[in-house]
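Enquirer: Structure incoming, see below.
Protein chains in written order, with our numbering: chain X, 5 to 415; chain E, 2 to 282; chain D, 2 to 394.
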């Protein structure tokens, strides 16, 4: 039975903020084969492509047939906890602060034995469901969850080290003017966020959403324009120490490739709202978030970028926009490395064309803003890193993996 | 140039010895001539013209530090600014509008220096604009003004005072579902000023020389269409027009010398004889 | 697998094991592993009455030599051996070094092989050894609470207790008996008596492992000589003989969790070589990184019947002068664990017992002793298991 999380007390402003520590991040390159599964939230095991044997820990040759053709393949995470222990003494500063820490040997139905972090509701002898999670250092780790949902399951302290649950956390949605931004604000409020700071740029422009936003529980409207350095810095000065999760919904979608557009004005606007906006946010909010990575139950924990899936491969119909999204994706990777010392996760939510004004001429399937918001909440609650929302995004991901040259010609 | 200008220059000359500029300098030093700043501060918060989003947009003012006594430049502070030619208090050259595109010397760099200082007639529409944000300046209003202050002389700026510059940003842009609602001139009024009075240009406190709903007028955007088609100039986003006399002020409005530019942000100053201030009506 | 006939093991005739050396342990040391190994080499030379130049075989076991290996030590110590080995195998180091050196001497590759194990223990070296111990540990163990071997063995012990019915009191019996033995051994770091209540009441480290299940990491060195029997006699060195030995690695990869080491796979050969009945030894030195592993060894090495280890533990005293003398110097649990030297501790003690040179309690009429090694837990289990039967010369 997991103790439900209680709303965090107001922070004593005179108290020292604990420095974020990380568990060991050292992994072999081979072990990184499981990171993708952890980042996307599916279970995989190293599998021999020749004899089909699964094994763990990841190896460079199959322990059955010595084949070198090994890849992480989807597998069944069901198993039994053969033994458990509660570690009460550790040489590692991160775990020392979190003692006792429970781990166990999980014997998978698929065969291998896996040393795993244990959820509080899982005991030796229990059936369990193993998942790969990303820990505070951003590395994939095995986590043994109860076979079926238990009460307050998400509030387990060890699980919360892996997840980024918005419950009681304070979240900044950088652009709440758009349909996407509004869906995000409302989903966060429903997910139990403590405060949702809803960003509105250019307050002199009418915002029909303003009134609806103010009626949502926990919403505070804040002025922020990601194209304006001063505005981003000013808001960070006001609420920067209270932003536990930052969700960048700012977008500037315009159709067109390179040649038919006259000049670089629109491209520059796309970069201002996208790539440069991300840099402005990173400079203004990043350092404080990184510093607050271990600041109690509502520590800073996540940074979400909502990106077009065409950041991964260019869609010439929105060619210049795709390019700006590719720049953001690359910047997000840099940000991921820069925020990692604070244990702050960078999530990229890749979406296909949205059911919004700028994709009016694009045929379905399209993604409803609420679907993106739902996927974002799910990613936070499960602690994912890469999320693919909607049929188009899934399709692009599969086709890219299958044949990147084919999709380049087909798009 | 104009009789009014000659008349205005006489007063300081009475008080001092002789020589126009020397007398002017003396008057300036003595405080007999006040310099009123008609410029809005360039800031990212200041509204810009809003067009349908599929069209090219007015680049808002942005400022980025190059260095500030730091590792980027230890002893100095400076910035890079970005803005369009039509951001903040700015000047419109005839080439800005399609009606002026084939005129000679129609670009901002060709704006003759000799015209960069010119007298101003200030028509106070503040009360009417307060009552009706879509207020249009009509020929009748101009004629009423002229009955009191004399005929508007050729070669001067006509500035439409609405006190719009005193509004907060939201009320200033005054955007509603059907677009901006801000005052401006009617086609007939602009025609009168351009064709009958031969003004140098027309200036407003609002984002454009035209009214917010001017796309519904005939012709649409009459100020832009008629002024620039006749090779005249525009000034927008002016401030402090309430501190100018109806007549007698000299406007200093030199835009940036941008090659082939359509307009320019600028600092606009007005020289006002002290005893004449506060009297605009 | 194709059917390949397994060859017959040769005996260790003509090989002597002598000159047991211990460089007294220290909890922490500011010296390097090189310093400790140097002290042990000097101890060997002094004890054997030879010069450093007479050492023509060198076997080194250490975890904290980095960036050096055995080869660097030849120049470091001015040695010119014609046979060199590096056996950083933790708890299996001693028996493995012994077996290899014995074969080298037998084959004439060298005449006098110095087998040395030494490790230092700086304030932070234990943590650093743990976090970089193996690739599997880095990838799949250390990030899980960083409990080091304590956490690994806690899982093994929890499972073992569940399976066999062994209790903490059974484990405690071994620890308490070893402490009794250690009180007579001058080099033991633990000098206070230990009661079963002390054991049971100690704080938990990683359930079910408590404080007195754990060894204390420290700095130290152990060494012995493996040499031609005739040379040993010429030097008038008391020596022991090797009656038999085995090693086996990753013995049961299919076991979901470690319940056995690997000795049982080769046990008949071990006793067969020696011409001894199973368990017919006068004392036994197990690798006691945790009492549970000693229990595993007692059963698998045939000291009791299979499946009866709990009863056996309850019926034996394990003290030097009692029944089934076990870890007669106190074992690592009481002496301390000086890295790879921990893998030499039982072997060096067995040589002393069989040559009448015990520093603490002497097992009466000790003619045959069993030394076993175990270790190298790179993921979830100790991979190495090995054993040697030594006899009085």
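Heads up, the beta-carbon is just placed ideally off N, CA and C, and yes, glycines get one too.
Going along chain E in order, which residues have a C-beta closer than 7 Å to the C-beta of residue 235 (chain X)?
Expert: Locating residue 235 (chain X) in the first chain gives position 231, where the first residue counts as 1. Under the 7 Å cutoff, chain E gives 45.
Enquirer: Give the residues from the stretch 99-126 of chain D that approach chain X closer than 7 Å (Cβ to any Cβ), ordered along the chain.
Expert: So nothing in the stretch comes that close.
Enquirer: Could you tell me which uninterrupted beta strand (DSSP E) segments, each at least 3 residues in length, are contained entirely in the stretch 164-239 of chain D, listed from first to last along the chain?
Expert: Listed in chain order, they are 205-207, 220-229.
Enquirer: Note down, in chain order, every chain E residue with its Cβ under 8 Å from the Cβ of residue 231 (chain X).
Expert: One-based indexing of the first chain puts residue 231 (chain X) at position 227. Those within 8 Å of residue 231 (chain X) in chain E are 61, 63.
Enquirer: Quick one: is residue 217 (chain E) buried, meaning 16 or more other Cβ sit within 10 Å of its Cβ, or exposed?
Expert: In the second chain, counting from the first residue as 1, residue 217 (chain E) sits at position 216. When all chains shown are included, residue 217 (chain E) counts as exposed.
Enquirer: Could you tell me which of D:244, D:367, D:157 sits nearest to residue 108 (chain X), measuring between CA atoms?
Expert: Working through the first chain from its first residue, we reach residue 108 (chain X) at position 104. That would be D:157, whose Cα lies nearest to the Cα of residue 108 (chain X).
Enquirer: Quick check on DSSP: helix, strand or coil for residue 362 (chain X)?
Expert: The residue given as residue 362 (chain X) occupies position 358 in the first chain. In this structure, residue 362 (chain X) counts as helix in the three-state DSSP scheme.
Enquirer: Answer with yes or no whether the minimum CB distance from residue 269 (chain X) to chain E is below 8 Å.
Expert: Position 265 of the first chain, counting from 1, holds the residue named residue 269 (chain X). Judged by the 8 Å Cβ criterion, residue 269 (chain X) is in contact with chain E.
Enquirer: By alpha-carbon positions, which one of E:264, E:253, E:261, E:259 ends up nearest to residue 115 (chain E)?
Expert: For the purposes of this step, residue 115 (chain E) is identified with residue 114 of the second chain, where counting begins at 1. Nearest C-alpha to residue 115 (chain E): E:253.
Enquirer: For a contact defined as C-beta to C-beta under 7 Å, what are the partners of residue 105 (chain X) on chain D?
Expert: Taking the first residue of the first chain as 1, we reach residue 105 (chain X) at position 101. Those are 146, listed as they occur along chain D.
Enquirer: Along the chain, where does the alpha helix (DSSP H) that runs through residue 300 (chain D) open and close?
Expert: Mapped onto the third chain, residue 300 (chain D) falls at position 299. Taken as a continuous stretch (DSSP letters only), the alpha helix (DSSP H) holding residue 300 (chain D) covers 292-301.
Enquirer: Just checking my contact of residue 268 (chain E) with residue 40 (chain E) at CB under 8 Å: how many whole Å lie between their CB atoms?
Expert: Taking the second chain and counting its residues from 1, the one referred to as residue 268 (chain E) is at position 267. Taking the second chain and counting its residues from 1, the one referred to as residue 40 (chain E) is at position 39. Right, their Cβ atoms sit about 5 Å apart.
Enquirer: Rounded to whole angstroms, what is the Cα-Cα separation between residue 170 (chain X) and residue 43 (chain X)?
Expert: The residue labelled residue 170 (chain X) in the question sits at position 166 within the first chain. The residue labelled residue 43 (chain X) in the question sits at position 39 within the first chain. For residue 170 (chain X) and residue 43 (chain X), the distance between alpha carbons rounds to 18 Å.
Enquirer: Using 10 angstroms around the beta-carbon of residue 2 (chain X), count the other beta-carbons present and answer buried if the total reaches 16, otherwise exposed.
Expert: The structure shown does not extend to residue 2 (chain X), since chain X spans only 5 to 415, so no value can be given for it.
Enquirer: Between residue 52 (chain E) and chain X, is there a C-beta pair that is closer than 8 Å?
Expert: Numbered from 1 along the second chain, position 51 holds the residue referred to as residue 52 (chain E). Taking Cβ atoms only, chain X never reaches closer than 8 Å to residue 52 (chain E), which makes this a no.
Enquirer: Going by C-alpha distance, which of D:292, D:380, D:394 is nearest residue 133 (chain D)?
Expert: Mapped onto the third chain, residue 133 (chain D) falls at position 132. Of the listed residues, the one whose Cα sits closest to residue 133 (chain D) is D:380.
Enquirer: Can you find the residues in the same chain that come closer than 8 Å, C-beta to C-beta, to residue 16 (chain X), ignoring five residues on each side of it along the sequence?
Expert: Residue 16 (chain X) sits at position 12 when you count from the first residue of the first chain. None.
Enquirer: For the stretch 151-161 of chain E and the stretch 192-203 of chain E, state whether three or more C-beta atom pairs, one from each stretch, are separated by less than 8 Å.
Expert: Yes: the two stretches touch, three or more of their Cβ pairs being nearer than 8 Å.
Enquirer: Does the stretch 48-67 of chain X touch the stretch 177-190 of chain D, meaning 3 or more C-beta pairs lie closer than 8 Å?
Expert: Flag = no, the stretch 177-190 of chain D and the stretch 48-67 of chain X do not touch.
Enquirer: Applying the criterion that 16 or more other CB atoms from any shown protein chain within 10 Å of the CB defines a buried residue, is residue 121 (chain D) buried or exposed?
Expert: Numbered from 1 along the third chain, position 120 holds the residue referred to as residue 121 (chain D). Label assigned to residue 121 (chain D): buried.
Enquirer: With three or more C-beta pairs closer than 8 Å as the rule, is the stretch 244-261 of chain E touching the stretch 111-125 of chain E?
Expert: At 8 Å Cβ cutoff, the stretches touch.
Enquirer: Classify residue 209 (chain D): buried if its beta carbon has 16 or more other beta carbons within 10 angstroms, exposed otherwise.
Expert: Taking the third chain and counting its residues from 1, the one referred to as residue 209 (chain D) is at position 208. Classification for residue 209 (chain D): buried.
Enquirer: Return helix, strand or coil for residue 324 (chain D), following the three-state DSSP convention.
Expert: Residue 324 (chain D) sits at position 323 when you count from the first residue of the third chain. Note: residue 324 (chain D) maps to coil in three-state DSSP.
Enquirer: Answer yes or no: does any C-beta atom of chain E fall closer than 8 Å to that of residue 210 (chain X)?
Expert: Numbered from its first residue, the first chain carries residue 210 (chain X) at position 206. At least one chain E Cβ lies under 8 Å of residue 210 (chain X).
Enquirer: Taking DSSP as the reference, what is the three-state secondary structure of residue 149 (chain E)?
Expert: For the purposes of this step, residue 149 (chain E) is taken as residue 148 along the second chain, with counting starting at 1. Residue state, collapsed to three classes: helix.
Enquirer: Using a threshold of 8 Å, state whether the C-beta atoms of residue 309 (chain X) and residue 352 (chain X) are closer than that.
Expert: The residue given as residue 309 (chain X) occupies position 305 in the first chain. The residue given as residue 352 (chain X) occupies position 348 in the first chain. Yes, the Cβ-Cβ distance between residue 309 (chain X) and residue 352 (chain X) is below 8 Å.
Enquirer: With residue 194 (chain X) as the anchor, note down where its beta strand (DSSP E) starts and where it stops.
Expert: What you label residue 194 (chain X) is simply residue 190 of the first chain in a count that begins at 1. Segment 183-194 is the alpha helix (DSSP H) holding residue 194 (chain X); no beta strand (DSSP E) there.
Enquirer: Name the two residues that bound the continuous beta strand (DSSP E) containing residue 422 (chain X).
Expert: Within the shown structure, residues of chain X are numbered from 5 to 415, placing residue 422 (chain X) beyond reach of any answer.
Enquirer: Can you give the Cα-Cα distance for residue 192 (chain D) and residue 335 (chain D), rounded to whole angstroms?
Expert: Indexing the third chain from 1 puts residue 192 (chain D) at position 191. Indexing the third chain from 1 puts residue 335 (chain D) at position 334. Their backbone Cα atoms lie some 8 Å apart in a straight line.
Enquirer: Give the secondary structure of residue 197 (chain E) by DSSP, where H, G and I count as helix, E and B as strand, and everything else as coil.
Expert: Within the second chain, numbered from 1, the residue matching residue 197 (chain E) stands at position 196. Correct three-state label for residue 197 (chain E): helix.
Enquirer: Given 7 Å as the limit, tell me if residue 17 (chain D) has its C-beta closer than that to any heavy atom belonging to the ligand MN.
Expert: The ligand MN is absent from the structure shown, which contains no ligands of any kind.
Enquirer: Tell me, please, whether the stretch 187-197 of chain X touches the stretch 369-376 of chain X by the rule of three or more beta-carbon pairs shorter than 8 Å.
Expert: Touching, per the Cβ criterion.
Enquirer: Can you check whether the C-beta of residue 207 (chain X) is within less than 8 Å of a C-beta belonging to chain E?
Expert: Counting from 1 along the first chain, the entry for residue 207 (chain X) is found at position 203. Cβ-Cβ to chain E under 8 Å: yes for residue 207 (chain X).
Enquirer: What are the start and end residues of the beta strand (DSSP E) that includes residue 325 (chain X)?
Expert: Start at 1 with the first residue of the first chain, and residue 325 (chain X) comes out as number 321. Not the beta strand (DSSP E): residue 325 (chain X) falls in the alpha helix (DSSP H), residues 323-343.
Enquirer: Output needed for residue 253 (chain X): all residues of its chain with C-beta closer than 7 Å, excluding positions within five of it in sequence on either side, in chain order.
Expert: By one-based count along the first chain, residue 253 (chain X) stands at place 249. The residues are 177, 178, 179, 182, 184, 185, 188, 310.
Enquirer: Quick one: list the residues of chain D neighbouring residue 99 (chain X), beta-carbon separation under 8 Å, in chain order.
Expert: For the purposes of this step, residue 99 (chain X) is identified with residue 95 of the first chain, where counting begins at 1. Here the neighbours are 146, 147, 148.
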